[in-house]
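Using full-length UniProt numbering, the first residue of the sequence shown is number 1, and each one after it goes up by one.
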Amino acid sequence: MDTTSGAQGDGPADGAAEAAVRIARRALDAYPGGMILLDGLDRPLESGPRSDALLAALDRESRGGPREAGAPAEGADGLPAPLPASVRVLTARARETGGAVEEILSLPGENGPAWFRLTVLPLADAAARVLLLARDVTLERTLRAALVESRQRYKDFVEISTDFAWETGADGTFIFVSPRGALGHPAQRLVGRPPDDLVADYFGPGEIPFLTREPLEDVDVWLRGAAGSVACVRMSATPLFAPDGSWMGARGVGRDVTRERERDAALSRARNRDRILTYVVRAIRDEVDPGNMLAVAAETLGRGLGATVCQIFRLQEDRERDGKADAVPAADGTVTFVPGARWGDLGYVAAGPVLDRLRQRMGRMELEIGDWLVMAIPTFYRQALNGAVVLWRQRERGGWGEDDRLLIADIASQLGIAMEQITNHEHILRMSRTDALTGLFNRRAFFEEVDRRFRRLERDRSPAALIYLDLDNFKLVNDLRGHQTGDRVLHLLRDTLLGNTRPTDLVARLGGDEFAVWLEGATVEIAEAKARRLIEAAQTLRQWSGRDDRPLSLSLGVAVHDPARPETLAEMLARADEAMYSAKHTGKNAYRVAPPARPLAAVEPTPVVEGEAP
């Protein structure tokens with residue numbers, strides 16, 4: 001042990017002090033920590049064997065800290081310099097109070113701050129010596145600080161990652177709720193309440209998380225907020241059990257995922273709309289027959305929107321109306337919708353009131369008709385109306401949702417394009433099948449349709465008649481009065497033929513001044529009556545003749561198909577052609593009926609009953 005002594009005193013008091021010093025020296029040797037005996041100027045007199053770390057720390061503090069003005073580095077008597085000011089404050093307090101003073105101080109250590117628990121014991125002597133005891137608590141302080149920091153870190157993580165943490169007790173009520181509370185409920189109001197008051201719905205396994213008997217992770221619970229709203233909270237919880245296995249409650253955390261659920265639901269609905277829209281567009285695109293495009297779209301749209309009936313209407317051009325029975329005209333006659341396609345059993349006529357209101361609004365509309373909930377929307381192409389979609393849903397299936405409205409708007413725009421494509425296709429088809437001047441069937445379209453009908457005659461065993469017509473003396477009209485007058489004559493003849501035939505009959509211009517008429521279901525008597533009527537009606541053309549002695553008239557050849565006399569279509573056409581030329585070469589302004597079909601039969605002229613030239 002280091003020993004350093006000062007001046008020796010005399011008398012009983014000094015003897016007592018020396019006894020105290022001897023006791024202090026024995027304590028210096030036995031104390032497990034640092035121990036230093038200080039003189040009245042707080043300079044070390046003696047130190048224990050385990051005081052090196054303390055002395056080094058005190059020396060670093062003395063050298064590194066500020067010194068009092070005039071204080072020497074060493075005492076005048078060669079002893080070490082006084083202790084740092086932070087320690088001298090403790091020694092002064094001990095001398096003043098006459099009792100022990102204890103405090104934890106931070107001193108410079110070898111590898112950073114070192115913490116010492118310092119205890120100052122005053123000695124009862126005239127020299128005012130004190131005993132400084134020190135125990136290194138750096139490890140303890142470090143561990144405690146790390147624990148506090150860890151607890152704070154964990155607390156911060158919990159508060160950041162969750163909206164609230166909770167614990168329930170054995171009685172099933174809340175015994176802890178994180179300070180922020182939950183869904184607007186203050187924490188103090190929740191403590192002591194049963195969690196059943198908070199839970200609106202739970203569809204997970206077992207009991208609600210607040211009362212769970214098994215660990216739960218990421219289960220959704222619908223909780224009631226303080227404002228009355230309902231929120232979806234994603235919870236994880238673990239049960240608490242006593243040593244005897246009895247349930248003591250549960251702990252858990254929760255995070256409000258209502259907005260996430262709403263976003264996920266909105267995204268799911270958007271994907272579903274895109275899926276249906278893509279399916280409709282693909283179905284329309286992949287359908288080869290334009291006539292089937294709208295039928296596919298109607299079924300897909302009806303099923304996709306949960307409708308009972310889906311009706312698609314087209315806006316027909318004037319030349320295409322022709323008094324169709326199913327057409328739905330406007331009250332003022334400005335717009336006429338005609339059926340395009342239907343899915344479901346409700347007739348097109350039921351949509352009349354809906355379309356009337358749609359014409360006035362020209363936008364999406366919803367209304368109730370009896371037990372039906374109806375949603376209708378017009379279709380456009382380049383801002384021009386070209387159709388409408390009407391959806392019918394039975395009332396018990398619920399009303400239309402926002403997703404339904406968004407989807408029908410998207411599909412309506414696609415249907416507007418599809419309808420324009422169908423219209424263009426029909427226009428091209430019409431141009432390829434009709435005569436450009438008269439609008440009647442051309443030769444190719446006429447014979448295609450006649451061939452189809454002739455095959456049906458063979459199955460149905462029904463009659464029909466074919467009339468070939470030639471406009472007599474027409475060349476003189478073009479030569480003498482001009483082609484414009486000739487075109488006018490052809491238009492008038494077209495009107496004559498259409499005005500004296502039925503919608504089920506076929507009328508065509510084969511080329512030049514040659515025309516043909518197919519009379520569906522006509523017998524010989526009907527065909528002859530029709531021929532006479534046409535010759536008589538053609539008398540109105542005479543005023544446009546090129547010369548009075550060469551008047552305009554008709555020469556007709558009639559061939560009647562008799563189911564009892566089988567023949568080919570080519571044979572029937574040949575009979576009509578020969579009959580027409582027979583009428584033309586025997587005076588014109590007449591008709592001839594070809595003899596019935598028979599093997600190698602020659603065509604014999606039949607006298608004109610009516611309509612011969614005078």
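C-beta atoms are modelled at their ideal positions from N, C-alpha and C, and glycine is treated no differently.
| Check | Outcome |
| --- | --- |
| Cβ neighbours of ALA182 in the same chain (closer than 6 angstroms, five flanking residues each side left out) | PHE164 |
| ALA594 classed as buried or exposed, judged by whether at least 16 other C-beta atoms fall within 10 angstroms | buried |
| Heavy atom of the ligand GTP within 6 angstroms of ASN272 beta-carbon | In terms of ligand content, the structure shown is empty, and the ligand GTP therefore cannot be addressed. |
| Closest residue to ARG193 among PRO186, MET293 and THR173 (Cα-Cα distance) | THR173 |
| CB of ARG95 within 7 angstroms of CB of PRO122, strictly | yes |
| Proximity of VAL148 and ARG117 at Cβ, strictly below 7 angstroms | no |
| CA-to-CA distance, ALA559 to LEU466, given in whole angstroms | 5 angstroms |
| Closest Cα partner of GLY249 within the set PRO195, ARG364 and GLY98 | PRO195 |
| Buried versus exposed call for ARG598 [16 or more other C-beta atoms within 10 Å across all chains shown] | exposed |
| Host beta strand (DSSP E) of ASP220 (start-end) | 216 to 224 |
| Element boundaries [beta strand (DSSP E), containing VAL233] | 230 to 241 |
| Rounded straight-line distance, which links the Cα of GLU402 to that of ARG502 | 50 angstroms |
| ALA590 vs ALA583 beta-carbon contact at 7 angstroms | yes |
| Spatial distance of ILE23 from SER86 (CA atoms) | 27 angstroms |
| As assigned by DSSP and simplified to three states, the class of GLN152 | helix |
| CA-to-CA distance, TYR202 to ALA187, given in whole angstroms | 22 angstroms |
| One or two residues paired with GLU368 in a DSSP bridge | LEU373 |
| Straight-line Cα distance separating GLU514 from ASP562 | 25 angstroms |
| Straight-line gap, SER553 to ALA538 (C-alpha atoms, nearest Å) | 6 angstroms |
| Nearest residue (CA-CA) to ARG444, options ARG453, PHE454 and ARG433 | ARG433 |
| GLU520 and THR504 closer than 7 angstroms at C-beta | yes |
| Host alpha helix (DSSP H) of MET362 (start-end) | No alpha helix (DSSP H) contains MET362, which DSSP labels as neither H nor E. |
| Simplified DSSP assignment, three categories, for THR568 | coil |
| Length of the line joining the Cα atoms of GLU207 and GLY184 | 24 angstroms |
| Reference GLY169, options PRO239, ASP220 and GLY204, closest by Cα | PRO239 |
| Cα-Cα separation between PRO463 and GLU525, rounded to whole angstroms | 12 angstroms |
| 7 angstroms CB neighbourhood of LEU490 in its chain, flanking five on each side removed | LEU437 and THR438 |
| Stretch-stretch touch, CB-based, cutoff 8 angstroms, three pairs: the stretch 392 to 401 with the stretch 255 to 268 | no |
| Span separating the alpha-carbon of ARG592 from that of HIS483 | 30 angstroms |
| CA-to-CA distance, MET375 to ARG359, given in whole angstroms | 14 angstroms |
| Classification of THR91 by the beta-carbon crowding that lies within 10 angstroms, buried from 16 upward | buried |
| Same chain, Cβ closer than 6 angstroms to GLU102, five either side skipped, listed in chain order | THR119 |
| Reference ARG180; option with closest CA among SER62, PRO339 and ARG255 | ARG255 |
| Secondary structure of GLU520, DSSP reduced to three states | strand |
| Minimum C-alpha distance to LEU415 - residue among THR278, PHE441 and LEU216 | THR278 |
| Span of the beta strand (DSSP E), counted from its first residue to its last, around LEU294 | Counting along the chain, LEU294 falls outside any beta strand (DSSP E), though it belongs to the alpha helix (DSSP H) covering 290 to 304. |
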